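There are 2 protein chains.
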Amino acid sequence: MGEFDLIARWFTRPARRAALGVGDDCALLNLTPGMQLATSSDMLVEGRHFLSTVAPERLGHKALAVNLSDLAACGAQPLAFTLALALPRIDEAFLDGFSRGLLALADAHGCELVGGDTTQGPLNLCITVFGELPPGQALLRSGARDGDEIWVSGTLGDARLALEVFRGSIALAGDGFERVRAAMELPTPRVALGIALRGIATSAIDVSDGLLGDLGHILKRSNAGATLQADALPRSAVLAAQPLALQRNCTLAGGDDYELVFTAPPAQAAAVLAAAQAAGVAVTRIGRIEPASHGLRLVDGDGAAVGQRFAAFDHFKS
Amino acid sequence: MGEFDLIARWFTRPARRAALGVGDDCALLNLTPGMQLATSSDMLVEGRHFLSTVAPERLGHKALAVNLSDLAACGAQPLAFTLALALPRIDEAFLDGFSRGLLALADAHGCELVGGDTTQGPLNLCITVFGELPPGQALLRSGARDGDEIWVSGTLGDARLALEVFRGSIALAGDGFERVRAAMELPTPRVALGIALRGIATSAIDVSDGLLGDLGHILKRSNAGATLQADALPRSAVLAAQPLALQRNCTLAGGDDYELVFTAPPAQAAAVLAAAQAAGVAVTRIGRIEPASHGLRLVDGDGAAVGQRFAAFDHFKS
Numbered sequence: 170m171g172e173f174d175l176i177a178r179w180f181t182r183p184a185r186r187a188a189l190g191v192g193d194d195c196a197l198l199n200l201t202p203g204m205q206l207a208t209s210s211d212m213l214v215e216g217r218h219f220l221s222t223v224a225p226e227r228l229g230h231k232a233l234a235v236n237l238s239d240l241a242a243c244g245a246q247p248l249a250f251t252l253a254l255a256l257p258r259i260d261e262a263f264l265d266g267f268s269r270g271l272l273a274l275a276d277a278h279g280c281e282l283v284g285g286d287t288t289q290g291p292l293n294l295c296i297t298v299f300g301e302l303p304p305g306q307a308l309l310r311s312g313a314r315d316g317d318e319i320w321v322s323g324t325l326g327d328a329r330l331a332l333e334v335f336r337g338s339i340a341l342a343g344d345g346f347e348r349v350r351a352a353m354e355l356p357t358p359r360v361a362l363g364i365a366l367r368g369i370a371t372s373a374i375d376v377s378d379g380l381l382g383d384l385g386h387i388l389k390r391s392n393a394g395a396t397l398q399a400d401a402l403p404r405s406a407v408l409a410a411q412p413l414a415l416q417r418n419c420t421l422a423g424g425d426d427y428e429l430v431f432t433a434p435p436a437q438a439a440a441v442l443a444a445a446q447a448a449g450v451a452v453t454r455i456g457r458i459e460p461a462s463h464g465l466r467l468v469d470g471d472g473a474a475v476g477q478r479f480a481a482f483d484h485f486k487s
Numbered sequence: 170m171g172e173f174d175l176i177a178r179w180f181t182r183p184a185r186r187a188a189l190g191v192g193d194d195c196a197l198l199n200l201t202p203g204m205q206l207a208t209s210s211d212m213l214v215e216g217r218h219f220l221s222t223v224a225p226e227r228l229g230h231k232a233l234a235v236n237l238s239d240l241a242a243c244g245a246q247p248l249a250f251t252l253a254l255a256l257p258r259i260d261e262a263f264l265d266g267f268s269r270g271l272l273a274l275a276d277a278h279g280c281e282l283v284g285g286d287t288t289q290g291p292l293n294l295c296i297t298v299f300g301e302l303p304p305g306q307a308l309l310r311s312g313a314r315d316g317d318e319i320w321v322s323g324t325l326g327d328a329r330l331a332l333e334v335f336r337g338s339i340a341l342a343g344d345g346f347e348r349v350r351a352a353m354e355l356p357t358p359r360v361a362l363g364i365a366l367r368g369i370a371t372s373a374i375d376v377s378d379g380l381l382g383d384l385g386h387i388l389k390r391s392n393a394g395a396t397l398q399a400d401a402l403p404r405s406a407v408l409a410a411q412p413l414a415l416q417r418n419c420t421l422a423g424g425d426d427y428e429l430v431f432t433a434p435p436a437q438a439a440a441v442l443a444a445a446q447a448a449g450v451a452v453t454r455i456g457r458i459e460p461a462s463h464g465l466r467l468v469d470g471d472g473a474a475v476g477q478r479f480a481a482f483d484h485f486k487s
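As they're listed, the protein sequences go chains W and P.
Adding 169 to a residue's 1-based position in the first sequence gives its number in my numbering.
Adding 169 to a residue's 1-based position in the second sequence gives its number in my numbering.
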């Protein structure tokens with residue numbers, strides 16, 4: 170089986186939204202008139218973004234989910250994506266599972282596979298996703314203002330907790346492990362929430378490298394500081410049963426959460442909660458934007474500074 | 170140095186056409202009102218798409234050139250691209266050269282780097298390119314009609330000849346080698362020609378896997394056959410000095426040419442030549458489209474069938 174048979178068997182479906190889908194030199198897409206294109210690329214490498222133990226179907230889901238999460242962070246409506254895939258060899262069981270997980274999530278978001286590339290090489294998954302949104306309505310990292318409240322969706326830290334189990338640094342009983350493993354391997358991109366927050370949130374980013382690091386991008390771009398309530402961070406029952414230092418490490422510097430952290434003026438709190446309810450996801454207030462001179466301060470429930478040190482995930486460190 | 174420093178140092182420049190460039194969750198792009206988006210992704214892996222001996226600056230050029238070539242084959246005007254890059258380590262000399270070659274070609278085409286991803290891993294370059302064109306005017310693989318003439322731009326086969334030198338199967342004197350090596354390492358995407366052929370050509374594809382294989386895609390999509398003049402294929406003086414069987418192998422099944430092969434009715438021949446002249450590239454008539462039942466026939470200058478066998482390049486074979 171060669172490259173073209175592989176594409177035909179696993180990745181070609183009739184074009185729907187696209188004017189022209191898989192199989193020509195380019196894919197052709199019609200944006201809704203007056204809309205702006207939003208696009209993002211993420212590359213996943215074994216050992217850094219996923220473990221060799223992951224089921225192919227979950228890997229297919231995750232490869233697209235992390236890209237949809239970038240659209241969500243901008244408040245864009247997903248349209249389509251391209252997939253470039255390097256595989257050591259053509260492994261039918263892998264491709265069956267991978268394409269099934271990938272296309273199921275794509276269908277759930279009406280996000281069409283319109284093209285890409287396949288080649289032999291060390292396993293590498295590169296997806297570029299396309300969305301659209303009204304000009305001027307994108308949620309950017311640069312819009313946070315002094316006094317804004319800081320919110321986060323869902324819960325944080327489970328993916329990191331699962332990684333620590335895989336690394337052998339902690340142990341979890343069966344059911345707890347399966348739950349945090351699903352958080353790591355099957356993240357839910359907050360697409361509906363991102364769209365619902367247009368015109369309400371002043372800034373947003375998705376939490377992929379750890380809350381502190383990603384919130385740091387908002388602060389840098391917005392020229393702002395913040396106080397974060399370390400113990401207000403939402404976490405699962407499984408994580409909440411762990412030692413406090415581990416809880417804080419996982420929620421603050423875990424990475425791979427794919428939740429949205431965003432800011433909004435206090436007067437918009439009811440609108441934020443309504444948007445979250447409409448999108449079917451919980452949101453939690455976790456802190457406040459302050460002047461840049463305050464830096465990023467972490468406090469506990471008593472308002473005392475948290476001394477623990479954290480490092481955000483960096484794909485060139487480890 | 171980490172991921173974000175790497176992006177800032179080598180790949181961040183002020184946004185121009187893009188509403189929002191490198192550094193947020195998504196890049197935002199405004200298409201010209203009424204235009205359709207054309208997009209394509211190509212992934213380059215060491216040993217399959219480039220050799221470890223290539224200069225980083227040339228690799229940067231080639232990584233974008235092969236993507237621009239896909240836009241050219243559709244007749245689309247380049248707008249922007251994203252770059253996802255896996256690197257074994259941060260190698261400053263490599264990144265200096267790579268980004269210089271990449272951005273020089275990008276500037277030459279007004280094609281802006283708007284986002285992407287960097288990670289540690291086996292060397293892998295994945296570019297997704299965006300262009301625009303008026304709806305209904307894309308050059309597709311499916312439009313070739315019985316009686317159309319088949320044309321190709323530039324010359325064919327030099328990249329393959331260079332590869333044979335690297336493989337040690339032939340030897341070339343210094344100047345000749347440098348010339349074919351430049352064809353392999355610094356391909357010229359035929360962007361202006363593709364745009365000029367809108368409304369003139371009935372089908373087009375870029376020659377990346379070898380003329381026979383790529384013309385085969387046009388024939389399959391167009392449900393057509395063809396006769397190709399094996400000895401009419403344009404070739405460089407360096408290649409023309411080689412044995413005939415090698416010339417034919419390089420021109421017909423070489424790969425990595427990044428020329429356009431396209432079809433047009435005989436009545437459009439003058440328009441084809443005018444488009445080529447305006448685009449500053451030579452074009453050569455190399456055959457004719459026939460009914461599908463004729464298959465793809467190769468004839469020599471006397472009209473006799475060429476018996477030599479060829480195999481198109483497949484990234485899962487070799």
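Glycine residues also receive a C-beta, built at the ideal position from the N, C-alpha and C atoms.
Because the structure is a prediction, the values reported are computed rather than measured.
Contacts around residue i, its chain only, beta-carbon distance under 6 Å, and the 5 residues preceding and following it disregarded
i, result
"residue 286 of chain W", "253"
"residue 373 of chain W", "242, 308, 429, 431"
"residue 271 of chain W", "229, 233"
"residue 367 of chain P", "244, 306"
Same chain only: Cβ atoms within 8 Å of residue i, ignoring 5 sequence neighbours per side
i, result
"residue 240 of chain P", "207, 209, 246, 247, 298, 300, 358, 360, 363"
"residue 258 of chain W", "289"
"residue 447 of chain P", "361, 365"
"residue 304 of chain W", "203, 204, 205"
"residue 265 of chain P", "179, 225"
"residue 445 of chain W", "322, 362, 365, 451, 452"
Straight-line gap, residue i to residue j (C-alpha atoms, nearest Å)
i, j, result
"residue 335 of chain W", "residue 233 of chain P", "38 Å"
"residue 476 of chain W", "residue 395 of chain W", "16 Å"
"residue 409 of chain P", "residue 371 of chain P", "30 Å"
"residue 235 of chain W", "residue 467 of chain P", "48 Å"
"residue 379 of chain P", "residue 426 of chain P", "7 Å"
"residue 470 of chain P", "residue 416 of chain P", "14 Å"
"residue 323 of chain W", "residue 277 of chain W", "19 Å"
"residue 320 of chain W", "residue 434 of chain W", "11 Å"
"residue 333 of chain P", "residue 404 of chain P", "16 Å"
"residue 250 of chain P", "residue 284 of chain P", "7 Å"
"residue 221 of chain W", "residue 345 of chain W", "21 Å"
"residue 350 of chain P", "residue 329 of chain P", "9 Å"
"residue 318 of chain W", "residue 459 of chain W", "10 Å"
"residue 455 of chain P", "residue 375 of chain P", "15 Å"
"residue 472 of chain P", "residue 227 of chain P", "40 Å"
Residues that residue i bridges to, as DSSP identifies them
i, result
"residue 219 of chain P", "P/215"
"residue 320 of chain P", "P/431, P/454"
"residue 391 of chain W", "Answer is none; residue 391 of chain W lacks a bridge partner."
"residue 396 of chain W", "W/457, W/466"
"residue 301 of chain W", "W/206, W/246"
"residue 198 of chain P", "W/206"
"residue 448 of chain W", "For residue 448 of chain W, which the question treats as bridged, DSSP gives no partner whatsoever."
"residue 474 of chain P", "P/468"
"residue 425 of chain W", "Beta-bridge pairing links residue 425 of chain W to no other residue."
Closer than 7 Å at the beta carbon, the chain P residues around residue i
i, result
"residue 321 of chain W", "The premise fails here: residue 321 of chain W is roughly 15 Å from chain P at the closest Cβ pair, so nothing lies under 7 Å."
"residue 452 of chain W", "Here the premise fails: no neighbours, minimum Cβ distance about 18 Å."
"residue 194 of chain W", "209, 239, 242, 243, 374, 375"
"residue 251 of chain W", "208, 210, 297"
"residue 217 of chain W", "288, 289, 290"
Where residue i meets chain P, residues with beta-carbon distance less than 8 Å
i, result
"residue 221 of chain W", "The contacting residues do not exist; residue 221 of chain W stays about 13 Å from chain P at best."
"residue 418 of chain W", "Result: empty, since nearest Cβ-Cβ is about 19 Å, beyond 8 Å."
"residue 303 of chain W", "Within 8 Å Cβ-Cβ: nothing; residue 303 of chain W doesn't reach chain P, min ~11 Å."
"residue 362 of chain W", "Chain P residues near residue 362 of chain W: none, gap ~14 Å exceeds 8 Å."
7 Å CB neighbourhood of residue i in its chain, flanking five on each side removed
i, result
"residue 311 of chain W", "372, 390, 391"
"residue 274 of chain W", "230, 233, 234"
Interface residues of chain W facing residue i [CB-CB closer than 9 Å]
i, result
"residue 214 of chain P", "255, 288, 289, 290, 291, 293"
heavy atom of the ligand FMN below 8 Å from residue i C-beta
i, result
"residue 448 of chain W", "By its list of ligands, the structure shown contains no ligand whatsoever, and the ligand FMN lies outside what it can speak to."
Chain-ordered chain P contacts of residue i [CB-CB under 9 Å]
i, result
"residue 178 of chain W", "Those within 9 Å of residue 178 of chain W in chain P number zero; the least Cβ separation is about 13 Å."
Per-residue contacts from residue i into chain W (C-beta, under 8 Å)
i, result
"residue 199 of chain P", "205, 206, 304"
"residue 284 of chain P", "208, 209, 210"
Contacts that residue i makes with chain B (C-beta to C-beta distance below 7 Å)
i, result
"residue 381 of chain P", "In the displayed structure, chain B is absent; the protein chains listed are W and P."
- Just list the alpha helix (DSSP H) runs in the segment 251-296 of chain P, keeping only unbroken ones of 4 residues or longer that don't cross its boundaries, in chain order. 261-277
- Runs of alpha helix (DSSP H) wholly within the segment 307-377 of chain W (minimum 4 residues, chain order): 327-336, 343-354, 360-365
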